[in-house]
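Inspection log for the structure reproduced underneath, given as structure tokens.
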Amino acid sequence: MSTRIGVITFPGTLDDVDATRAVRLAGAEPVELWHADEDLKNVDAVVVPGGFSYGDYLRAGAIASIAPAMRSVVEAAGRGTPVLGICNGFQILQEAGLLPGALTRNEGLHFVCRDIYLDVENTNTAWTNSFDEGSAIYVPTKHGEGRFQASQETLDELEGEGRVVFRYQHNHNGSRNSIAGISSADGRVVGLMPHPEHAVEELTGPSTDGLGLFTSVISTLVS
Numbered sequence: 303m304s305t306r307i308g309v310i311t312f313p314g315t316l317d318d319v320d321a322t323r324a325v326r327l328a329g330a331e332p333v334e335l336w337h338a339d340e341d342l343k344n345v346d347a348v349v350v351p352g353g354f355s356y357g358d359y360l361r362a363g364a365i366a367s368i369a370p371a372m373r374s375v376v377e378a379a380g381r382g383t384p385v386l387g388i389c390n391g392f393q394i395l396q397e398a399g400l401l402p403g404a405l406t407r408n409e410g411l412h413f414v415c416r417d418i419y420l421d422v423e424n425t426n427t428a429w430t431n432s433f434d435e436g437s438a439i440y441v442p443t444k445h446g447e448g449r450f451q452a453s454q455e456t457l458d459e460l461e462g463e464g465r466v467v468f469r470y471q472h473n474h475n476g477s478r479n480s481i482a483g484i485s486s487a488d489g490r491v492v493g494l495m496p497h498p499e500h501a502v503e504e505l506t507g508p509s510t511d512g513l514g515l516f517t518s519v520i521s522t523l524v525s
């Protein structure tokens with residue numbers, strides 16, 4: 303039986319189709335999940351994709367974080383189900399309390415859309431175990447509110463516990479400590495601002511480096 307990975311769609315989600323394709327290319331079965339449904343259809347892992355859920359009203363990710371599907375995701379994460387939040391999905395995971403910190407307007411207040419290098423800082427999470435220690439990946443990023451902010455206490459905790467998963471080689475948005483992605487304490491929940499799902503095919507992406515996140519979680523689940 304193949305690994306089943308759910309991909310949630312909210313009103314305003316843009317990248318669910320891309321995430322679904324990435325899951326399929328990695329060798330798993332993608333399962334469509336709707337924001338208004340509590341049933342996660344017995345999936346083995348969940349991807350919360352990017353976009354502008356609910357138009358980013360109130361705050362980016364704020365409304366989506368209390369959707370019925372996300373209530374179920376929070377419960378599933380508590381049982382150890384791997385969860386990946388990409389861009390707006392990262393914001394949603396923070397608003398839902400699954401990851402610490404906040405993502406605010408970029409330094410300079412400009413929307414950033416470019417291909418960038420990320421250093422893989424932790425290869426022991428559910429979503430990064432396929433990468434070599436010390437490796438870098440080349441993936442697209444596209445966001446206006448991706449500047450990672452946290453208290454000094456939280457930053458010290460993330461750094462001290464090895465929970466900074468991805469770091470920008472060139473900090474384009476003013477994120478503290480150049481943080482691009484972090485994990486939960488158990489390494490099962492990961493959020494990042496750049497878009498690995500757009501770097502899974504040579505024809506359409508700048509690289510295929512992003513596929514490693516999806517093959518990693520499959521390895522986690524079958525081991």
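Under this note's numbering, think of the first position of the sequence shown as 303, with each following residue one higher. All residues carry an ideal CB built from backbone N, CA and C; glycine is no exception. Since the structure is predicted, the reported quantities are computational estimates derived from the model, not experimental observations.
Since I believe residue j is in contact with residue i (beta carbons under 8 Å), could you give me their beta-carbon distance rounded to a whole number of angstroms?
i      : j      : result
Ile418 : Val441 : 7 Å
Ile310 : Val350 : 5 Å
Gly514 : Ile439 : 7 Å
Pro370 : Asp339 : 6 Å
Ser485 : Thr443 : 19 Å between Cβ atoms; not a contact.
Are residue i and residue j touching if we call contact CB-CB under 8 Å?
i      : j      : result
Val422 : His474 : no
Glu447 : Asp320 : no
Ile531 : Ser355 : As displayed, the chain neither begins before 303 nor continues past 525, which places residue 531 out of reach and without an answer.
Gly593 : Gly357 : What is shown of the chain runs 303 to 525, which leaves residue 593 out entirely.
Phe468 : Gly489 : no
Cys389 : His472 : no
Leu401 : Arg449 : no
Ile520 : Ala378 : no
Val492 : Asn479 : no
Val527 : Thr305 : The question about residue 527 has no answer, for the chain in this structure spans 303 to 525.
Thr430 : Ser518 : yes
Val345 : Phe516 : no
Gly403 : Ala452 : yes
Asn424 : Gly464 : yes
Ala476 : Asn408 : It is Gly, not Ala, that sits at residue 476 in the sequence shown. Cβ atoms of Gly476 and Asn408: closer than 8 Å.
By the three-class DSSP mapping on this structure, what secondary structure does residue i have?
i      : result
Gln451 : strand
His445 : strand
Gly483 : strand
Val502 : coil
Gly514 : helix
Glu435 : coil
Gly462 : helix
Leu523 : helix
Can you say whether residue i is buried or exposed, counting buried as having 16 or more other CB atoms within 10 angstroms of its CB?
i      : result
Gly387 : buried
Ser432 : buried
Val348 : buried
Tyr470 : buried
Trp336 : exposed
Gln454 : exposed
Ile394 : buried
Fully enclosed by the segment 305-332, which alpha helix (DSSP H) runs are 4 residues long or longer?
-> 318-328
Segments assigned alpha helix (DSSP H), at least 4 residues, entirely inside the segment 346-430 = 370-380 and 390-397
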